[in-house]
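Quick note, the sequences are listed as chains A and B, same order.
The first sequence runs contiguously to residue 294 in our numbering.
The second sequence runs contiguously to residue 565 in our numbering.
In what follows, a structure is listed as structure tokens, so that the remarks can point back to it.
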Amino acid sequence: MKARRADGFVRIATAVPYVWLGLFLLLPFLIVLVVSLSTKEIGTPPFAPPVTFSGGVPRPAPDLGNYAYLFDDPLYALAYLSSIRVAAIATLVALLLGYPVAYAIVRAPAAWRPLLLTLVILPFWTSFLIRVYAWIGILAPNGLVNNVLLATGVIAEPLVLLSTEPAVILGIVYSYLPFMILPLYAALERLDPTLLEAAADLGCRPAAAFLRITLPLSLPGIVAGGLLVFVPGVGEFVIPDLLGGADTLMIGKVLWDEFFGNTDWPVASAVATALLVLLIVPVLWLQRLQGGQR
Amino acid sequence: MTGRLSRFLLTALVFGYAFLHAPIATLIVYSFNDSRLVTVWSGFSLRWYAALLENEALLDAAWVSLRVALLAATGATVLGTLAGFALARRRRFRGRTLLAAMLATPLVMPEVILGLALLLLFVASEVLVGWPTERGIGTIAVAHVTLAMAYVAVVVQSRLGGLDPAIEEAAADLGARPATVFVRITLPMIAPGVVAGWLLAFTLSLDDLVLASFVSGPGATTLPMAIFSSVRMGVSPQINALATVIVVVVAAGVLAAGRLVFANGKKTYSS
Numbered sequence: 001m002k003a004r005r006a007d008g009f010v011r012i013a014t015a016v017p018y019v020w021l022g023l024f025l026l027l028p029f030l031i032v033l034v035v036s037l038s039t040k041e042i043g044t045p046p047f048a049p050p051v052t053f054s055g056g057v058p059r060p061a062p063d064l065g066n067y068a069y070l071f072d073d074p075l076y077a078l079a080y081l082s083s084i085r086v087a088a089i090a091t092l093v094a095l096l097l098g099y100p101v102a103y104a105i106v107r108a109p110a111a112w113r114p115l116l117l118t119l120v121i122l123p124f125w126t127s128f129l130i131r132v133y134a135w136i137g138i139l140a141p142n143g144l145v146n147n148v149l150l151a152t153g154v155i156a157e158p159l160v161l162l163s164t165e166p167a168v169i170l171g172i173v174y175s176y177l178p179f180m181i182l183p184l185y186a187a188l189e190r191l192d193p194t195l196l197e198a199a200a201d202l203g204c205r206p207a208a209a210f211l212r213i214t215l216p217l218s219l220p221g222i223v224a225g226g227l228l229v230f231v232p233g234v235g236e237f238v239i240p241d242l243l244g245g246a247d248t249l250m251i252g253k254v255l256w257d258e259f260f261g262n263t264d265w266p267v268a269s270a271v272a273t274a275l276l277v278l279l280i281v282p283v284l285w286l287q288r289l290q291g292g293q294r
Numbered sequence: 295m296t297g298r299l300s301r302f303l304l305t306a307l308v309f310g311y312a313f314l315h316a317p318i319a320t321l322i323v324y325s326f327n328d329s330r331l332v333t334v335w336s337g338f339s340l341r342w343y344a345a346l347l348e349n350e351a352l353l354d355a356a357w358v359s360l361r362v363a364l365l366a367a368t369g370a371t372v373l374g375t376l377a378g379f380a381l382a383r384r385r386r387f388r389g390r391t392l393l394a395a396m397l398a399t400p401l402v403m404p405e406v407i408l409g410l411a412l413l414l415l416f417v418a419s420e421v422l423v424g425w426p427t428e429r430g431i432g433t434i435a436v437a438h439v440t441l442a443m444a445y446v447a448v449v450v451q452s453r454l455g456g457l458d459p460a461i462e463e464a465a466a467d468l469g470a471r472p473a474t475v476f477v478r479i480t481l482p483m484i485a486p487g488v489v490a491g492w493l494l495a496f497t498l499s500l501d502d503l504v505l506a507s508f509v510s511g512p513g514a515t516t517l518p519m520a521i522f523s524s525v526r527m528g529v530s531p532q533i534n535a536l537a538t539v540i541v542v543v544v545a546a547g548v549l550a551a552g553r554l555v556f557a558n559g560k561k562t563y564s565s
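See below:
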């Protein structure tokens with residue numbers, strides 16, 4: 001490609017999305033940081049800014065109390081830890097469920113593949129809220145599962161399935177499974193089948209060939225899919241709110257309740273900042289991984 | 295790698311697809327249930343669909359959502375296409391890494407954080423520059439543009455990645471100005487990706503609950519917000535009927551988009 005100086009049009013094409021994201025993505029995050037250092041107040045907006053101006057001179061007075069509060073009240077630490085645990089279990093289950101499916105799509109006759117892939121993508125386009133809602137009807141005390149089990153006499157009393165932690169894990173697995181299957185499929189599709197043939201020719205059993213060739217070579221897909229389930233799972237709000245119970249602590253729900261329930265914007269901002277710090281490592285890892293593929 | 299599937303893989307495939315699609319199927323089946331109790335079947339009926347047509351609150355919310363989604367999808371498509379073009383065709387420029395990082399952020403960032411951040415921005419800018427005077431359709435659309443343009447950029451960028459830049463270079467060598475090349479050569483070539491991106495942005499906006507809840511004001515309730523507050527009260531057959539309508543509309547849109555995306559045998563969904 002010839003080296004050409006970027007002309008006016010190309011500059012504008014770059015600048016417009018740049019300015020938008022600067023204004024509506026970068027700047028808001030900075031404001032969250034600022035508000036997290038401010039003090040709660042009764043009023044509109046319900047906080048006092050951490051910087052006061054006297055005679056045009058800014059006097060910063062950051063209030064670290066919100067962060068101290070996050071450390072003091074064990075609720076927050078528990079919520080962070082339980083969000084990580086729930087998201088990690090969900091990621092593992094999604095991997096165990098998604099890997100055979102992705103593998104089967106790769107092995108399926110070529111004519112089936114567009115349909116199989118469309119069927120994986122289809123639920124991702126279907127309303128997220130409605131897909132979570134569907135599980136309430138299935139898991140409720142008078143829901144489908146309990147009705148079937150009661151009618152067939154397997155159980156005498158309805159099981160408590162809804163408003164539990166396993167229900168939240170199930171909801172995350174169900175909602176994010178397509179994000180696990182697609183990167184796994186992409187990784188497995190690239191795998192050179194002659195490697196497996198060579199292994200078989202040399203006397204390697206299929207199980208050993210899978211463990212020593214297929215699995216290591218699909219590792220980038222496993223990591224990408226895992227992060228695509230884990231990262232949004234940690235901050236999930238809708239799923240724990242609809243499928244979880246009072247004892248299911250998730251940080252996304254805690255943030256929501258601080259903001260809408262307690263109207264405590266500074267603490268909500270501190271929770272958001274801490275969550276951002278927590279997720280920055282996996283997010284950067286994911287971006288490196290995707291950057292490397294291009 | 296093609297051939298016959300082993301019994302294990304076939305089982306995995308059937309089980310996996312059943313898990314992905316059965317919950318929505320049960321939802322649709324029970325939307326035709328006559329009983330008020332969602333899970334007890336008492337006969338076929340369309341009464342919940344009729345009730346839906348008389349539910350003013352839900353219809354108003356649907357109208358709000360539709361207007362937001364039209365605005366947001368169009369804005370996100372313009373910005374996302376430009377961003378995807380810049381990233382795919384300009385290999386090196388100052389701040390390229392930052393642009394790519396900012397675009398990737400909404401794809402993985404928990405929505406509660408983005409929602410809170412945007413609300414705080416709107417509150418601050420109302421105090422400092424007097425905009426927005428009220429939060430509603432406009433602020434929700436801005437939030438949705440920010441979220442959805444990232445998805446549009448991914449689709450457009452991968453479409454551009456599969457196209458030969460020589461065609462655009464030839465046009466430039468023959469004297470076409472870069473803006474002309476973009477409008478007359480690049481845009482027609484990536485049109486299927488742009489349309490698919492618009493549809494994706496539209497469904498994302500129509501579906502979003504969290505961002506809208508944060509940045510909306512008292513006047514504007516979107517459809518997901520109305521559904522959410524109703525669902526929190528428990529399962530209702532009317533919501534099943536509404537869900538069925540949404541699923542059918544979206545599935546039709548996806549199939550149309552899928553035809554565009556898979557046209558020319560080009561894959562757009564390789565992560």
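All C-beta atoms, glycine included, are put in the ideal place defined by N, C-alpha and C.
Using three-state DSSP, classify residue i as helix, strand or coil.
i                      : result
residue 214 of chain A : helix
residue 386 of chain B : coil
residue 471 of chain B : coil
residue 271 of chain A : helix
residue 58 of chain A  : strand
residue 142 of chain A : coil
residue 427 of chain B : coil
residue 327 of chain B : strand
residue 48 of chain A  : strand
residue 281 of chain A : helix
residue 538 of chain B : helix
residue 237 of chain A : coil
residue 118 of chain A : helix
residue 39 of chain A  : strand
Name the residue from the options whose alpha carbon lies nearest to the alpha carbon of residue i.
i                      : options                       : result
residue 327 of chain B : B:454, B:545 and B:531        : B:531
residue 408 of chain B : A:284, A:105, A:211 and A:271 : A:271
residue 104 of chain A : A:181, A:132 and A:93         : A:181
residue 79 of chain A  : A:165, A:210, A:195 and A:222 : A:165
residue 45 of chain A  : B:422, B:299 and B:393        : B:422
residue 533 of chain B : B:347, B:336 and B:309        : B:347
residue 476 of chain B : B:342, B:352 and B:375        : B:375
residue 549 of chain B : A:40, A:77 and A:118          : A:118
residue 503 of chain B : B:492, B:491, B:517 and B:494 : B:517
residue 514 of chain B : B:492, B:435 and B:543        : B:435
Chain B beta carbons: is any one of them nearer than 8 Å to that of residue i?
i                      : result
residue 18 of chain A  : yes
residue 14 of chain A  : yes
residue 1 of chain A   : Here the model assigns residue 1 of chain A a pLDDT of 44, short of 50, so the residue's position is not dependable, and the following value carries that caveat. Yes, residue 1 of chain A counts as interfacial toward chain B.
residue 269 of chain A : yes
residue 238 of chain A : yes
residue 167 of chain A : no
residue 220 of chain A : no
residue 51 of chain A  : no
residue 9 of chain A   : yes
residue 231 of chain A : yes
residue 215 of chain A : no
Does residue i come within less than 8 Å of chain A when only Cβ atoms are used?
i                      : result
residue 548 of chain B : yes
residue 315 of chain B : yes
residue 306 of chain B : yes
residue 563 of chain B : Caution is warranted here: a pLDDT of 43 is assigned to residue 563 of chain B, below 50, making its placement in the model unreliable, and the coordinate value is therefore given only provisionally. For residue 563 of chain B, the answer is yes, since a Cβ of chain A falls inside 8 Å of its Cβ.
residue 435 of chain B : no
residue 368 of chain B : no
residue 553 of chain B : no
Legend entry - Residues within the region 18–35 of chain A neighbouring chain B, beta-carbon criterion of under 7 Å: 18, 20, 21, 24, 25, 26, 27, 28, 29, 31, 32 and 35
Legend entry - Contact residues within the region 488–505 of chain B, judged by C-beta distance below 8 Å to chain A: 494, 497, 500, 501, 503 and 504
Legend entry - Residues, ordered as in the chain, of the region 138–165 of chain A that lie near chain B by beta-carbon distance below 7 Å: 138, 140, 142, 143, 144 and 147
Inset, instruction - Mind the definition here: the region 497–507 of chain B touches the region 430–450 of chain B only if three or more C-beta pairs lie below 8 Å; say whether that holds. - result: yes
Inset, instruction - Mind checking the region 111–142 of chain A against chain B and listing, in chain order, the residues whose C-beta falls within less than 8 Å of any C-beta there? - result: 114, 116, 117, 118, 119, 120, 121, 122, 123, 125, 126, 127, 128, 129, 130, 131, 133, 134, 135, 136, 137, 138, 140 and 142
Legend entry - Interface positions of the region 91–112 of chain A facing chain B (Cβ-Cβ less than 7 Å), listed along the chain: 97, 100, 101, 103, 104, 106, 107, 108, 109 and 110
Inset, instruction - Give the residues from the region 349–363 of chain B that approach chain A closer than 9 Å (Cβ to any Cβ), ordered along the chain. - result: none
Legend entry - Validate contact between the region 78–90 of chain A and the region 162–172 of chain A using beta carbons, cut 8 Å, 3 pairs: yes
Legend entry - Interface residues of the region 63–77 of chain A facing chain B [CB-CB below 7 Å]: none
Inset, instruction - Taking a Cβ distance cut-off of 8 Å, strictly less, list which residues of the region 444–457 of chain B are near chain A, in chain order. - result: 447 and 455
Inset, instruction - Would you check if there are 3 or more beta carbon pairs closer than 8 Å linking the region 385–404 of chain B to the region 8–28 of chain A? - result: yes
Legend entry - Segment contact flag, the region 506–519 of chain B with the region 408–418 of chain B, C-beta cutoff 8 Å, min 3 pairs: yes
Legend entry - Contact between the region 478–489 of chain B and the region 455–464 of chain B (3+ Cβ pairs under 8 Å): yes
Legend entry - Contact residues within the region 248–259 of chain A, judged by C-beta distance below 9 Å to chain B: 251, 252, 253, 255, 256 and 259
Inset, instruction - Using a Cβ-Cβ cut-off of less than 7 Å, give me the residues of the region 272–283 of chain A that come near chain B, in sequence order. - result: 272, 275, 276 and 283
Inset, instruction - Mind checking the region 473–484 of chain B against chain A and listing, in chain order, the residues whose C-beta falls within less than 7 Å of any C-beta there? - result: 473 and 476
Legend entry - Interface positions of the region 510–525 of chain B facing chain A (Cβ-Cβ less than 7 Å), listed along the chain: 518, 521, 522 and 525
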